[in-house]
Amino acid sequence: MKKIAILCSGNGTNAEHIYDFFANGNRVKVELVIYDRPEAPVAERMRARDVDTLFLPAEVWTDRPDEVVTLLLQRGIDLVVLAGFLRHVPATVTRAFAGRILNIHPSLLPAYSGKGMYGRRVHEAVIAAGETRSGATVHYVTEELDSGEILMQEVVEVLPGDTPESLEERVHRAEYSLYPRAIVAALGRLATPPVPPVAPAPEQATESEQPAESPAGSATPPPIPSPGEEWADALGVKYDPTKLPPEYPGAVPPPPAQSAARQAPYEPQQPAYAAPQQPGSPATPGVAPGAPNQAMPPMPSSYLVWAVLMTVLCCLPAGVVAIIYSSRVSSRYYANDYEGAHRASEMAQIWIIVSFVIGVLVQSLYIPITLLF
Ligand code: GAR
1 MKKIAILCSG NGTNAEHIYD FFANGNRVKV ELVIYDRPEA PVAERMRARD
51 VDTLFLPAEV WTDRPDEVVT LLLQRGIDLV VLAGFLRHVP ATVTRAFAGR
101 ILNIHPSLLP AYSGKGMYGR RVHEAVIAAG ETRSGATVHY VTEELDSGEI
151 LMQEVVEVLP GDTPESLEER VHRAEYSLYP RAIVAALGRL ATPPVPPVAP
201 APEQATESEQ PAESPAGSAT PPPIPSPGEE WADALGVKYD PTKLPPEYPG
251 AVPPPPAQSA ARQAPYEPQQ PAYAAPQQPG SPATPGVAPG APNQAMPPMP
301 SSYLVWAVLM TVLCCLPAGV VAIIYSSRVS SRYYANDYEG AHRASEMAQI
351 WIIVSFVIGV LVQSLYIPIT LLF
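As numbered in our numbering, residues 1 to 373 make up the sequence shown, in order.
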């Protein structure tokens, strides 16, 4: 199950459609919705769908962006999805989640992008310029304004007599089907979960009420998955190229001990803004969400001995009855009691089957039952 976090500043109709699109499947879960304006209607919309919502005020984004990274890592987020998030995403976050942050923009990028171009303003500019086509774009978010790789676009015709409102409505409808498809495509490109940063990079950007796609830096293209990674993703299994035999194409030598040592000590700090526990969602005291599973202890070898012993013991009574009936078959037969020999033979067969069924039941239930106690 891939987990996505949605970032939103306002209405949240895209967030709502994304949730509804994935709600009935088991491949993608909207794990968390983060909003940065206390009055944003998205919070109510998503709470009504029993999704965890979390308000992160401006100072977190500007002064402590590493807490955002920590939170996303703790929640095991695979992909961050900006849906009407009108705040600059700090460089600390875009670097930590390079190739894992998407944004939707209500125009055919690169047209009508940049400072001040967001929401209704885009449609006003499109109408004012007399365009005949507009649309929506899903692109990767990088540090540089609108420069992230375009993942998908959908064209929307501008009709004669269109107003910014009518155009906005049609672009919105296009977005509702475009964004979930783009999310599926972006998740398909991912092979491994994000690696916690070794040390947070110095923050250079400041808060802006402009759309998320802004500051300066270089675009980081998302990783191109290998065929092995694509297969593993399609099959829903964990892919680790370092575990492949060295002669296998695509095998990667295990990382040197030093880099492992650099990553091992990382323990995400508990952010000051722990997500409120939703009614009905299970609390796990002391275990941070997204924490790695503890390794299972190996099964003691005595289990095998006990399983065999229990099977023999439980099958024995029915087996003995079957033997007694079989021994009667020949004695009846030589006593010319053919009817009795036939009945004894049938009973022997029945008890052999009973013994077999008991054996199968004991074999399949013994370990689950012992694990209960
Ligand atoms: C959407 O149209 C989205 O493309 C736009 O804000 C709207 C949010 O609507 N995003 C931007 O302009 C970002 N540059 P919603 O809150 O109802 O989903």
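Even glycine gets a Cβ: it sits at the ideal position worked out from N, Cα and C.
- A direct Cα-to-Cα measurement between Tyr35 and Leu159 gives close to 34 Å.
- Between Asp78 and Arg100, the C-beta gap is smaller than 8 Å, which places the two residues in contact.
- When the Cα atoms are used, Cys8 and Arg75 turn out to be separated by approximately 17 Å.
- By the Cβ criterion, the stretch 34-48 is not in contact with the stretch 103-112, since fewer than three pairs of Cβ atoms, one from each stretch, lie closer than 8 Å.
- In this structure, DSSP gives Ser147 a state outside helix and strand, which the three-state scheme calls coil.
- With contact defined as three or more Cβ pairs closer than 8 Å, the stretch 118-129 and the stretch 44-51 are not in contact.
- Listed in chain order, the alpha helix (DSSP H) runs fully inside the stretch 312-354 amount to none, counting runs of at least 4 residues.
- Here the stretch 137-144 does not lie against the stretch 160-173, with fewer than 3 beta-carbon pairs under 8 Å apart.
- Sequence-distant Cβ neighbours of Thr13 in its own chain, meaning closer than 7 Å and more than five residues away, are His172.
- The ligand GAR has a heavy atom closer than 7 Å to the beta-carbon of Ala136.
- The Cβ-Cβ distance between Ala341 and Ser326 does not fall below 8 Å.
- Contact check between the stretch 13-29 and the stretch 58-73: fewer than three CB pairs, one atom from each, fall below 8 Å, which does not count as touching.
- Annotation for Ile4: the continuous beta strand (DSSP E) segment containing it runs 2-8.
- Beta bridge pairing from DSSP links Thr53 with Val33.
- In the DSSP assignment, Arg133 falls within the unbroken beta strand (DSSP E) covering 133-140.
- A distance criterion of 7 Å places the beta-carbon of Ala83 in contact range of the ligand GAR, judged by its closest non-hydrogen atom.
- Contact between Val93 and Ile18 is absent: CB atoms are separated by about 19 Å, not below the 8 Å threshold.
- Per DSSP, Asn14 is one residue of the alpha helix (DSSP H) stretching across 13-23.
- Take Gln363, set aside five residues on each side of it, and the residues of its chain with a beta-carbon closer than 7 Å to its own are Ala307, Thr311, in chain order.
- A residue is called buried once 16 or more other Cβ atoms fall within 10 Å of its Cβ, and Leu56 is buried on that count.
- The straight-line gap separating the alpha-carbon atoms of Gly84 and Ile369 is approximately 51 Å.
- By the beta-carbon neighbour count (other beta carbons within 10 angstroms, threshold 16), Ser177 is exposed.
- Sequence-distant Cβ neighbours of Phe22 in its own chain, meaning closer than 6 Å and more than five residues away, are Val28.
- The three-state reading of DSSP puts Ile127 in helix, counting H, G and I together.
- Closest by C-alpha distance to Ala40, out of Asp50, Val30, Glu31, Leu54, is Leu54.
- Linking Tyr303 to Thr70 through their CA atoms gives a straight-line distance of about 42 Å.
- At the C-beta level, Thr132 and Leu108 stay beyond 8 Å of one another.
- Here the alpha carbons of Arg64 and Arg95 stand approximately 15 Å from one another.
- Less than 8 Å divides the Cβ of Glu154 from the Cβ of Gly135.
- Per DSSP, Ile183 is one residue of the alpha helix (DSSP H) stretching across 164-189.
- Following the DSSP letters along the chain, one finds Val60 inside the alpha helix (DSSP H) bounded by residues 58-63.
- Of the other Cβ atoms in all chains shown, fewer than 16 fall within 10 Å of the Cβ of Ile367; this residue is therefore exposed.
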